[in-house]
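**Student:** Got a structure for you, written out below as structure tokens; questions coming shortly.
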Amino acid sequence: MVTTRLQKNMKRKQEILYTNDENKIEPDYCLVVGSTYNTQSMPAKRQSPKNRDSMSPTNVTDVIKREDLRPDITDLTDNQDDESDDDSSVKNEQGYDSSVSNTSKSSNNDYIKRAQKKVTNIVPFVRPYITSIYQVSALYVFWIALHYITAQLYVKYCATPTFYGFLVSPFLISSPHCVAMRWVFTKGGNLIEGMWTLLGTWLCSKIITRN
């Protein structure tokens, strides 16, 4: 009877010590830094051979296994990593957009500068040809004006667009003033056509010989 009572007391003491050791594991050994345990700075305490049990978490692997009991810490670290990744992606997108806008603005400015440079180079090159054409075509300007005026007069007095003009037009077209006006605008048209052919040929020859 005495031996059984002693065995029961020893077993009860072992259970009390085991529960105390298990309660001490949480604050003493489960220190987390970046979702890993700081086992180097906090080594496990030794237990007496009498109190040591096969189920007591005395080694590092048993302590690490307790990470499953603390999912809130790992979730917090994962959420922090996700937030940092999102911030970095947003910053990268903003930097890319700003770089694209800067490159587009610079390309537009370069295009405008090139266009202005071409205009400033072309105008002095074409100006002497324009003045020469104007001086040569001064005679033809008179023929153009005369052609327009005689055509309007011929329509009004020799070929009236009315029923009366339709009746008297066979007699009017043979009159001297209608014959003269018809000669003016027909010859003037041929002269104007020849003028533009002559001026185009002259301008092309000047451009070719200059280059």
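In case it helps, the numbering used here puts the sequence shown at residues 14 to 224.
Backbone N, C-alpha and C define an ideal beta-carbon position, used for all residues, glycine too.
Since the structure is predicted, the reported quantities are computational estimates derived from the model, not experimental observations.
(1) Should Y153 and M208 be called a contact, given that it needs their Cβ atoms to be closer than 7 Å?
(2) Using 8 Å for Cβ pairs, my map puts S187 next to A172. What's the rounded Cβ distance?
(3) Between P56 and the rest of its own chain, which residues show a CB-CB distance below 7 Å, the 5 nearest in sequence each way excluded?
(4) Measuring straight from C-alpha to C-alpha, what distance separates V139 and W196?
(5) Please state whether DSSP places C171 in a helix, a strand or coil.
(6) Output needed for N255: all residues of its chain with C-beta closer than 7 Å, excluding positions within five of it in sequence on either side, in chain order.
(7) If I measure Cβ to Cβ from G201 and keep anything under 8 Å in the same chain, skipping five residues before and after, which residues do I get?
(8) Got a sec: is the Cβ-Cβ distance from L19 to anything in chain C below 7 Å?
(9) Alpha carbon to alpha carbon, what distance is there between Y167 and V132?
(10) Which of the three DSSP states, helix, strand or coil, is assigned to I186?
(11) With a 10 Å radius around its C-beta and 16 neighbouring C-beta atoms as the bar for buried, classify F198 as buried or exposed.
(12) Give me, in chain order, the residues of the same chain whose beta-carbon lies closer than 6 Å to that of C191; leave out the 5 immediate sequence neighbours on both sides.
(13) For A193 and L211, what's the separation of their Cα atoms in angstroms?
(14) Please report the distance separating the alpha-carbon of I125 from that of S150.
(15) Is S150 helix, strand or coil by DSSP?
**Tutor:** Let me lay it out:
(1) Walking along the sequence shown from the start, residue 153 turns up at place 140. Walking along the sequence shown from the start, residue 208 turns up at place 195. Yes, they are a contact pair.
(2) Residue 187 sits at position 174 when you count from the first residue of the sequence shown. Residue 172 sits at position 159 when you count from the first residue of the sequence shown. That belief does not hold up - the Cβ atoms of S187 and A172 are roughly 13 Å apart, past 8 Å.
(3) Within the sequence shown, residue 56 is the residue found at index 43, counting from 1. Its pLDDT being 48, under 50, P56 is placed unreliably by the model, and the measurement read from it follows with that caveat. Cβ neighbours of P56 beyond the five flanking positions: none.
(4) Working through the sequence shown from its first residue, we reach residue 139 at position 126. Working through the sequence shown from its first residue, we reach residue 196 at position 183. V139 and W196: Cα-Cα distance of roughly 37 Å.
(5) Position 158 of the sequence shown, counting from 1, holds the residue named residue 171. The answer is coil: DSSP assigns C171 none of H, G, I, E or B.
(6) The first residue shown for the chain is 14 and the last is 224, placing residue 255 beyond what the model contains.
(7) As a first step, residue 201 is located in the sequence shown; it is residue number 188 there, counting from the start. Excluding positions up to five away in sequence, the list reads W156, I157, L159, H160 and T163.
(8) Of the protein chains in the structure, only one exists, and it is not chain C.
(9) The residue given as residue 132 occupies position 119 in the sequence shown. The residue given as residue 167 occupies position 154 in the sequence shown. Straight-line Cα distance between these residues: approximately 45 Å.
(10) By 1-based counting over the sequence shown, the position of residue 186 is 173. DSSP places I186 in coil when its eight states are reduced to three.
(11) The count along the sequence shown starts at 1 and reaches residue 198 at position 185. Buried.
(12) Translated into the one-based positions of the sequence shown, residue 191 becomes position 178. C171 and L185.
(13) Here residue 193 refers to the residue found at position 180 when the sequence shown is read from its first residue. Here residue 211 refers to the residue found at position 198 when the sequence shown is read from its first residue. Going from the Cα of A193 to the Cα of L211 covers about 26 Å.
(14) Here residue 125 is taken as the residue at index 112 of the sequence shown, counted from 1. Here residue 150 is taken as the residue at index 137 of the sequence shown, counted from 1. Roughly 35 Å between the two C-alpha positions.
(15) Locating residue 150 in the sequence shown gives position 137, where the first residue counts as 1. Reduced to three states, the DSSP call for S150 is coil.
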